Amino acid sequence: MKKIKQIGLIVFLFGLMFFTSLPFFGKYNVSQSQIETLLTPQEFENIGEELVTTVSGKEFTTSKGLSQEIIAIYEAKNEELKANQLWDKVMWTLPSAFAMKIAQATNESGVTKSTWIYFLLTFGLGIIGALMYILPDLVLLGPAGIKNNGVYFNTATNRGWIGIVTFVYLAAFYIILYFYPYVMVNQISLLDPIKGWFIEGEKASQWFLYGFLYCIVMIVMGVKMLIKYRHSKYQIVRTFSVVFFQVVFAFLLVEILPVFGLPGVDLKNAWPLDYDFLFDWNVKSLLESGNFGKFAFVWGIGLSLVIIPLFTYYYGKRWYCSWVCGCGGLAETLGDPYRQLSDKKIKAWKIERWMIHLVLVFAVVMTVFTGYHTYNEMNNPGMGEKEILLGISAFDVRTWYSFLIGSIFAGVIGTGFYPIMGNRVWCRFGCPLAAYMGIVQRFKSRFRITTNGGQCISCGNCSTYCEQGIDVRAYAQKGQNIVRASCVGCGVCSSVCPRGVLKLENGPESGRINNNPIIIGKDNAPTLNL
Amino acid sequence: MKYIVIVGNGIAGITAARHIRKKSDYKITVVSAESEYFFSRTALMYVYMGHMRFEDTQPYEPYFWKKNRIELIHDCVTTIDFDAKTLKLEQQSDLHYDDLILAVGSKPNKFGWPGQDLKGVQGLYSKQDLEAMEANSKGVTQAVIVGGGLIGVEMAEMLLSRDIPVKFLVREDRFWGGILPRADADLIERQMAQHHGLDLFKETELEAIQGDDNGRVKSITTKSGETIPCQFVGLTVGVTPNVDFLRGTTLEIDRGILVNPDLSTSIPNVFAIGDCAQFKRSNGMRRSIEQVWYTGRMMGETVAETICGNPTNYSPGHWFNSAKFFDVEYQTYGWVWNELKEDEEEFIWRHPQKEILMHFVFDKDTLTFKGINNFGIRLRHEVFDNWLNQSATIDEVMTNLRTANFDPEFFSTYEKEIVAAYNQQFNKHIQLASKKWWRRILA
Numbered sequence: 021m022k023k024i025k026q027i028g029l030i031v032f033l034f035g036l037m038f039f040t041s042l043p044f045f046g047k048y049n050v051s052q053s054q055i056e057t058l059l060t061p062q063e064f065e066n067i068g069e070e071l072v073t074t075v076s077g078k079e080f081t082t083s084k085g086l087s088q089e090i091i092a093i094y095e096a097k098n099e100e101l102k103a104n105q106l107w108d109k110v111m112w113t114l115p116s117a118f119a120m121k122i123a124q125a126t127n128e129s130g131v132t133k134s135t136w137i138y139f140l141l142t143f144g145l146g147i148i149g150a151l152m153y154i155l156p157d158l159v160l161l162g163p164a165g166i167k168n169n170g171v172y173f174n175t176a177t178n179r180g181w182i183g184i185v186t187f188v189y190l191a192a193f194y195i196i197l198y199f200y201p202y203v204m205v206n207q208i209s210l211l212d213p214i215k216g217w218f219i220e221g222e223k224a225s226q227w228f229l230y231g232f233l234y235c236i237v238m239i240v241m242g243v244k245m246l247i248k249y250r251h252s253k254y255q256i257v258r259t260f261s262v263v264f265f266q267v268v269f270a271f272l273l274v275e276i277l278p279v280f281g282l283p284g285v286d287l288k289n290a291w292p293l294d295y296d297f298l299f300d301w302n303v304k305s306l307l308e309s310g311n312f313g314k315f316a317f318v319w320g321i322g323l324s325l326v327i328i329p330l331f332t333y334y335y336g337k338r339w340y341c342s343w344v345c346g347c348g349g350l351a352e353t354l355g356d357p358y359r360q361l362s363d364k365k366i367k368a369w370k371i372e373r374w375m376i377h378l379v380l381v382f383a384v385v386m387t388v389f390t391g392y393h394t395y396n397e398m399n400n401p402g403m404g405e406k407e408i409l410l411g412i413s414a415f416d417v418r419t420w421y422s423f424l425i426g427s428i429f430a431g432v433i434g435t436g437f438y439p440i441m442g443n444r445v446w447c448r449f450g451c452p453l454a455a456y457m458g459i460v461q462r463f464k465s466r467f468r469i470t471t472n473g474g475q476c477i478s479c480g481n482c483s484t485y486c487e488q489g490i491d492v493r494a495y496a497q498k499g500q501n502i503v504r505a506s507c508v509g510c511g512v513c514s515s516v517c518p519r520g521v522l523k524l525e526n527g528p529e530s531g532r533i534n535n536n537p538i539i540i541g542k543d544n545a546p547t548l549n550l
Numbered sequence: 515m516k517y518i519v520i521v522g523n524g525i526a527g528i529t530a531a532r533h534i535r536k537k538s539d540y541k542i543t544v545v546s547a548e549s550e551y552f553f554s555r556t557a558l559m560y561v562y563m564g565h566m567r568f569e570d571t572q573p574y575e576p577y578f579w580k581k582n583r584i585e586l587i588h589d590c591v592t593t594i595d596f597d598a599k600t601l602k603l604e605q606q607s608d609l610h611y612d613d614l615i616l617a618v619g620s621k622p623n624k625f626g627w628p629g630q631d632l633k634g635v636q637g638l639y640s641k642q643d644l645e646a647m648e649a650n651s652k653g654v655t656q657a658v659i660v661g662g663g664l665i666g667v668e669m670a671e672m673l674l675s676r677d678i679p680v681k682f683l684v685r686e687d688r689f690w691g692g693i694l695p696r697a698d699a700d701l702i703e704r705q706m707a708q709h710h711g712l713d714l715f716k717e718t719e720l721e722a723i724q725g726d727d728n729g730r731v732k733s734i735t736t737k738s739g740e741t742i743p744c745q746f747v748g749l750t751v752g753v754t755p756n757v758d759f760l761r762g763t764t765l766e767i768d769r770g771i772l773v774n775p776d777l778s779t780s781i782p783n784v785f786a787i788g789d790c791a792q793f794k795r796s797n798g799m800r801r802s803i804e805q806v807w808y809t810g811r812m813m814g815e816t817v818a819e820t821i822c823g824n825p826t827n828y829s830p831g832h833w834f835n836s837a838k839f840f841d842v843e844y845q846t847y848g849w850v851w852n853e854l855k856e857d858e859e860e861f862i863w864r865h866p867q868k869e870i871l872m873h874f875v876f877d878k879d880t881l882t883f884k885g886i887n888n889f890g891i892r893l894r895h896e897v898f899d900n901w902l903n904q905s906a907t908i909d910e911v912m913t914n915l916r917t918a919n920f921d922p923e924f925f926s927t928y929e930k931e932i933v934a935a936y937n938q939q940f941n942k943h944i945q946l947a948s949k950k951w952w953r954r955i956l957a
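Residue numbers (the numbering used here), protein chains in the order written: chain A, 21 to 550; chain B, 515 to 957.
In structure tokens:
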């Protein structure tokens with residue numbers, strides 16, 4: 021069994037190595053005719069000739085090399101046009117997207133020919149290896165139960181060198197995905213046949229790669245989660261739920277809806293986590309897509325303003341954060357081995373409260389700006405400078421939000437820092453939706469974690485394994501209910517408690533917050549609020 | 515201002531310090547030779563197993579003590595001059611107390627076995643024991659544990675987590691025989707059998723421990739003459755009050771420091787709490803020395819009342835306890851003895867496959883519920899405490915069993931099967947009530 025595990029690890033690492041090495045190989049020949057067909061008339065007029073003279077006829081071995089040259093030309097031309105105030109000629113496509121378009125179309129590397137073989141060498145080996153590594157735990161871990169043996173001796177999970185390597189890899193992946201996607205042209209091509217199942221002949225995009233990878237990672241690590249917590253039905257049901265919502269709502273439906281000419285919306289994604297909901301292009305695309313689009317628009321508003329607070333009142337924010345949400349889903353599967361790395365100090369709690377609520381304020385302000393702009397776009401056709409509110413451009417606000425919060429915080433930091441700061445960095449410090457639901461959960465909800473009389477022995481397993489950095493023990497040892505804005509209700513504190521002290525419960529609001537708890541033991545036990 | 519010195523920073527001493535601070539402005543100093551800060555002794559095993567770091571076992575961050583003006587001294591008390599109300603410390607200057615609380619805990623029992631002080635032979639109680647175990651268990655290919663109680667099974671789990679096979683020697687005919695009834699011990703033994711590398715030897719006692727030329731344990735012999743080669747011996751045959759440094763003073767000591775119902779000792783202004791206290795008169799069914807986390811805490815709460823001007827006797831309420839044996843959680847409320855008492859009747863329900871068992875004890879004549887041992891199901895302390903307070907009958911308990919369940923959501927429930935089995939065994943017709951919000955049944 022241990023052998024299978026070791027072989028699995030090697031197989032997985034081979035898959036990972038093949039996947040990672042793909043950007044370094046390739047063959048790109050851009051012909052003149054390709055430039056003519058790929059570019060829009062405006063683009064061709066601007067830089068068509070220059071591209072033909074500098075790029076075509078030359079062989080590139082990496083998508084990065086090709087793309088950087090294209091981008092240099094593209095940006096130089098744009099600068100020139102802007103300097104000359106030729107605004108109607110300026111090109112507004114993202115330079116990286118423009119380069120991607122050409123690189124994807126001219127990719128002649130082996131990946132585009134023997135795609136399935138490459139798919140097997142990367143995704144195939146990765147999945148098989150990971151499962152070979154994970155499945156033997158069914159036997160190796162012994163009878164069902166909490167098995168955290170060696171978590172703090174393992175350099176992958178104690179901020180040791182494997183953890184740091186993982187951090188660098190994940191952070192680099194997100195930086196490339198968001199800012200230099202053209203590096204991954206080969207990797208994206210791996211999924212062209214699968215994308216073709218949804219829309220024939222259509223090439224995959226970096227977002228398709230990301231969505232697919234996200235699902236695969238969640239399914240495989242979900243299996244690990246199921247084996248590890250197979251003694252707890254709460255964890256089993258919850259894991260099925262998050263994986264289901266990711267695969268069906270965030271991936272399959274988003275891909276399938278466009279097949280029927282409908283907008284590919286993720287119906288579970290709620291504002292303000294779904295921060296571009298009121299962006300002009302989103303509102304337009306929804307409202308112009310018939311009844312389903314209109315439904316999706318109304319649904320989005322209802323989800324955020326009615327369903328979110330209502331469900332949070334009845335079940336706490338866990339119904340979303342650890343049962344439905346994609347970010348939460350990744351944190352609960354891929355991130356589970358890192359949950360102990362969240363900081364439990366009171367200082368971290370202070371920083372958390374400031375930070376997450378500032379992001380919520382930022383999200384609301386950004387939405388007001390973009391909503392104002394979108395409204396003007398749709399209702400005030402004659403108005404000039406539709407995007408300017410209080411002297412600030414809605415485009416600037418949303419660009420900064422997308423960059424700082426949407427990409428850097430949620431992606432690079434949110435996932436990259438799993439092996440350093442625990443698996444809920446984004447959910448704890450940055451997610452505006454978590455902040456919003458947290459306010460509801462703290463002040464108007466039926467959810468709490470009940471402590472069981474006097475049974476706590478202050479061992480600290482609950483606090484150690486709280487991914488949100490809540491010092492659960494501080495409450496449990498006082499016999500005080502845990503009512504905290506940040507609790508995502510993952511239920512792991514209850515799972516790891518050796519004395520059966522903690523229970524996630526929905527119940528009447530009266531007595532939910534017990535600031536002067538009685539701890540059972542001595543007759544007339546006094547309060548223990550120190 | 516009164517100056518309170520507390521010797522010992524375990525759960526008893528620290529609870530006393532916190533409660534005195536809550537109720538008064540007295541100056542408080544806690545002296546500990548063991549550790550700089552309070553930590554949870556029961557969590558030491560998780561440090562060895564890699565679940566937590568040592569600092570994670572500390573329930574309060576360092577700032578807490580300064581904020582609450584509880585002075586901590588990490589030093590060893592060598593002697594106490596009760597007449598001069600003075601503590602002598604190994605390194606720092608003397609302390610002159612007004613009130614003294616002795617919360618000095620226990621040490622592992624050693625019964626004078628030959629070789630009991632060899633290298634690789636140890637108990638498990640203190641932080642130092644944990645450090646010793648870390649060193650002693652390096653390179654060990656066979657370990658022996660002597661004494662089948664809670665610490666013994668903890669130690670077995672710890673060693674198995676490092677792939678060290680364990681031979682577990684138990685004097686009784688079953689695991690934890692002094693406490694657990696036969697059916698309950700059977701369940702734990704079945705659980706142990708599922709863990710590879712653990713061999714339970716019942717009715718086996720230690721005769722002697724043999725060492726090699728380096729003074730390190732190489733084997734043990736049992737009373738029946740069997741020799742077991744091993745490089746590590748865990749002695750987990752209970753603990754005894756850590757009071758040797760106080761013997762020879764005027765303080766009355768038997769096995770522990772003798773205390774009155776209010777935890778005062780034979781010397782005015784000196785109190786003893788926790789593991790080291792021995793009640794002159796035993797308290798109901800309770801033992802005269804209670805070495806349990808919870809009782810240490812309750813004694814700390816009690817002594818704080820007395821010291822802060824509200825003389826209070828130790829009045830611990832209904833017995834409860836809990837533990838975890840490998841993957842099986844155990845809780846108990848009220849009294850369940852290892853052998854049924856004469857006026858008692860029992861009802862045992864065991865899951866046909868899983869390690870789940872409920873062991874109810876009640877009065878034969880009045881049907882008053884006396885206690886429960888439950889394994890693999892979590893039960894709500896408040897509800898059982900309330901039933902014990904109200905002398906509820908076993909029938910009431912059975913009727914409302916659903917409300918007493920504390921298992922996480924979605925867990926399988928067995929109340930139907932349990933009550934059906936109860937009805938069948940006692941020829942009753944109890945109707946299981948639906949689950950209520952638990953506070954309602956307390957009202």
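Glycine included, each C-beta is placed from N, C-alpha and C at the ideal position.
Small disclaimer: the values here were computed from a predicted structure and weren't measured.
Proximity below 8 Å, CB of residue i to CB of residue j
i        : j        : result
B:Thr820 : B:Asp776 : yes
B:Leu614 : B:Val842 : no
A:Gly450 : A:Ile425 : yes
B:Arg811 : A:Gly541 : yes
A:Lys84  : A:Tyr230 : no
A:Ser324 : A:Ala368 : no
B:Ala526 : B:Ile787 : yes
A:Val262 : A:Gly355 : no
B:Glu896 : B:Leu915 : no
Listed by chain order, chain B residues near residue i by CB distance under 7 Å
i        : result
A:Ile477 : Ser554, Thr556, Trp807
Neighbouring residues, chain B, relative to residue i (Cβ below 9 Å)
i        : result
A:Pro156 : Correct list: empty, because the minimum Cβ distance to chain B is about 14 Å.
Backbone secondary structure at residue i - three-state DSSP
i        : result
A:Arg614 : Absent from the model: residue 614 of chain A. The displayed extent of chain A is 21 to 550, so no value can be given.
A:Leu548 : With a pLDDT of 43 at A:Leu548, under the threshold of 50, the modelled position of that residue is not reliable, and the figure given next carries that caveat. Reduced to three states, the DSSP call for A:Leu548 is coil.
A:Pro115 : helix
A:Leu155 : coil
B:Leu946 : coil
B:Glu804 : coil
Partner residues on chain B for residue i, Cβ-Cβ distance less than 8 Å
i        : result
A:Val503 : Within chain B, no residue comes near A:Val503; the closest Cβ sits about 16 Å away, beyond 8 Å.
Interface partners of residue i on chain A, CB under 9 Å
i        : result
B:Ser607 : Residues of chain A passing the Cβ test: none, with the nearest at roughly 29 Å.
B:Thr925 : Note that residue 925 of chain B is Phe in the sequence shown, not Thr. Chain A residues near B:Phe925: Ser252, Lys253, Tyr254.
Within chain A, partners of residue i - CB distance below 8 Å
i        : result
B:Ser675 : Asn169, Gly170
B:Arg959 : Residue 959 of chain B lies beyond the range of chain B shown here (515 to 957); nothing can be said about it.
B:Lys838 : Pro518, Arg519
B:Thr592 : Here the premise fails: no neighbours, minimum Cβ distance about 29 Å.
For the segment 824–838 of chain B against the segment 506–522 of chain A, are there 3 or more C-beta pairs whose distance is under 8 Å?
-> yes
Using a Cβ-Cβ cut-off of less than 7 Å, give me the residues of the segment 517–530 of chain A that come near chain B, in sequence order.
-> Pro518, Arg519, Gly520, Lys523, Leu524, Gly527, Pro528
Could you please tell me which residues of the segment 700–733 of chain B, in chain order, have their CB closer than 8 Å to any CB of chain A?
-> For the segment 700–733 of chain B, the set of residues with a beta-carbon nearer than 8 Å to any beta-carbon of chain A comprises Gln705, Gln708, His709, His710, in chain order.
Okay, do the segment 329–338 of chain A and the segment 449–467 of chain A touch, 3+ Cβ pairs below 8 Å being the bar?
-> yes
Is it a yes or a no for the segment 575–593 of chain B touching the segment 601–610 of chain B, going by three-plus beta-carbon pairs under 8 Å?
-> yes
Decide if the segment 373–380 of chain A is in contact with the segment 396–407 of chain A; the criterion is three or more beta carbon pairs, one per stretch, under 8 Å apart.
-> no
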